[in-house]
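Report on the structure given below.
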DNA sequence: TCTGGGGTCCTAGGACCC
DNA sequence: TCTGGGGTCCTAGGACCC
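Next comes the structure, spelled out in structure tokens:
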């Protein structure tokens, strides 16, 4: 058996933990740059606010219904997520942290009443962190997802749903639209609908060959999982990433080279940090620029260029140097760039880097320098020490007008309680 | 004026090898 | 007159997830 524990409207719940005045009110959290709605409280959902809707289109509605609007605060959410995951790991021998707000638990051979265990999890996470969660229990990961959906949507389940027994499962799948199933996205749902398949029950009646032809082996696995045959194992170790991307939309569009240099240098350094964190080096780097695709009357330019590095690296200084080289290649004056990014790939373990006869970089020195830099920044806060290329007047920086404090990760932001 | 930021997996087709 | 059969690797594109 698997349990899927999912935090209810996680980002909103994090904000509410530290600001109880947000309870009972419609609350939304916006994406980076205060762009789109990425989390909604139930009250906000009830107002018809859609996931991913651009915030500027909702201004009037926000005012009319006194919707509380928060910029996203990933430091806070990341830390709260860790606290939730720590609590969850006490409830299962194995746990897969699937995303910032979800985890699968291995409940094979647990002799207890699983529904009761689910309720205990809910109460404990609530007590330890203040975050409300839903627990879905099923014999495969896909069925646990289905169960979680029931736990969340039907109020009578009170946040916990155990999906067991053939009859119970069949009845549920007959009511479930195929597009609701984990792994069936919009395109596949539309395709299935065209063939007259509306529900999950109808889907699992289709022959294997047909599913394979139209939805590849991915679709076939989903069918098996819905039938109760587990083929998606728990993934306990997060695999090292094969590509790492750091990109941002700018608070304001940028035409000059200088702010773009600052931005691209910052993204390259961020990639370096992520590479070091998973103890890897990257051999290939892509830099891209984008103009605002929504301004169709503006000239568009979306260049990108990929460079093979002489020797795979994880040093900020080297990554920045190459990223700026590439930036100069692709930049053209006269365009208003809205977004830029750096992607590193061809990632290898740091102890398996292929050297070069003509290497001019003092690698041990870079390594020591980066270690020191990471230690300082860990202790004194993000980017306390950084490369000069990253420093500037920052016109490109994110817009985050409604940012909450970093209650749990910054001493100066720690919460004050008046009694 | 204002529209996010990450990732993964699978397949088909072409290049190349013996 | 006759022109094989088996692989691997890489990339682009499309689907999906949160």
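Numbering (our numbering), first residue to last: -12 to 406.
For glycine and all other residues, C-beta sits at the position ideal for the given N, C-alpha and C.
>> Checking the sheet assignment: what are the DSSP bridge partners for residue 111?
In response: In DSSP, residue 111 forms no bridge with anything.
> By how many angstroms is the C-alpha of residue 231 removed from the C-alpha of residue 162?
Replying inline: 40 Å
>> I'd like the span of the alpha helix (DSSP H) that includes residue 93, first residue to last.
In response: Residue 93: not part of any alpha helix (DSSP H); member of the beta strand (DSSP E) spanning 89 to 93, first to last residue.
> Which first and last residues belong to the beta strand (DSSP E) in which residue 148 is found?
Replying inline: Its beta strand (DSSP E) spans residues 147 to 149.
> Expressed to the nearest angstrom, what Euclidean distance is found between the alpha-carbon atoms of residue 265 and residue 192?
Replying inline: 43 Å
> Comparing alpha-carbon positions, which option in 288, 373, 250 and 344 lies nearest residue 304?
Replying inline: 373
> Can you tell me where the alpha helix (DSSP H) with residue 133 in it begins and where it stops?
Replying inline: 128 to 140
>> On a Cα-Cα basis, can you pick out the residue from 401, 319, 328 and 98 that is closest to residue 307?
In response: 328
>> DSSP three-state label for residue 293, please.
In response: strand
> Could you give the residue range of the alpha helix (DSSP H) that holds residue 245?
Replying inline: 244 to 264
> Which value, in whole angstroms, describes the spacing of the CA atoms of residue 249 and residue 255?
Replying inline: 10 Å
> Rounded to the nearest angstrom, how far is the Cβ of residue 278 from that of residue 325, given a contact under 8 Å?
Replying inline: 6 Å
>> Between 73, 106 and 211, which has its C-alpha nearest residue 195's C-alpha?
In response: 211
> Can you tell me the Cα-Cα spacing of residue 386 and residue 51, whole angstroms?
Replying inline: 23 Å
> Would DSSP call residue 70 helix, strand or coil?
Replying inline: Reduced to three states, the DSSP call for residue 70 is helix.
> Relative to the C-alpha of residue 312, which residue among 272, 153, 218 and 166 is closest?
Replying inline: Of the candidates 272, 153, 218 and 166, the residue whose Cα lies closest to the Cα of residue 312 is 272.
>> Under DSSP, the beta strand (DSSP E) around residue 55 begins and ends at which residues?
In response: 55 to 57
> DSSP puts residue 241 in a beta bridge; with which residues?
Replying inline: 324
>> Excluding the 5 residues flanking residue 222 on each side, which residues of the same chain have their C-beta closer than 7 Å to its C-beta?
In response: These residues qualify, in order along the chain: 83.
> For residue 348, which three-state DSSP category applies?
Replying inline: coil
> When burial is assigned at 16 or more other CB atoms within 10 Å of the CB, is residue 320 buried or exposed?
Replying inline: Around the beta carbon of residue 320, fewer than 16 other beta carbons sit within 10 angstroms, so the residue counts as exposed.
> On the premise that residue 310 lies in contact with residue 124, defined as a C-beta separation below 8 Å, what is that separation, rounded to the nearest angstrom?
Replying inline: Incorrect: roughly 47 Å between the Cβ atoms, too far for contact.
> When you compare each of 2, 361 and 381 to residue 238 by their alpha carbons, which one comes out closest?
Replying inline: 381
> If we count the other Cβ atoms within 10 Å of its Cβ and call it buried at 16 or more, is residue 154 buried or exposed?
Replying inline: exposed
> What number of angstroms, rounded off, separates the C-alpha of residue 323 from the C-alpha of residue 247?
Replying inline: Rounded to whole angstroms, residue 323 to residue 247 spans 11 Å at the Cα level.
> Whose CA, out of 300, 187, 364 and 330, lies closest to the CA of residue 407?
Replying inline: Residue 407 falls outside the range modelled here, since the chain spans only -12 to 406, and no answer is possible.
> What does a CB cutoff of less than 6 Å around residue 136 pick up in its chain, not counting 5 residues either side in sequence?
Replying inline: none
> Can you tell me whether residue 203 is buried or exposed, with buried defined as 16 or more other CB within 10 angstroms of its CB?
Replying inline: exposed
>> Quick check: what's the CA-CA separation for residue 25 versus residue 182?
In response: Looking at the backbone, the Cα of residue 25 and that of residue 182 are separated by about 32 Å.
> In chain order, what residues of the same chain have a beta carbon less than 7 Å from the beta carbon of residue 40, not counting five sequence neighbours either side?
Replying inline: Exclusion of the five residues before and after residue 40 leaves 23 and 24 as the residues of its chain whose Cβ lies within less than 7 Å of its Cβ.
>> Taking 6 Å as the limit between beta carbons, can you name the residues of its chain near residue 331, skipping five residues before and five after?
In response: For residue 331, where only same-chain residues beyond five positions count, the Cβ hits under 6 Å are 231, 258, 269 and 272.
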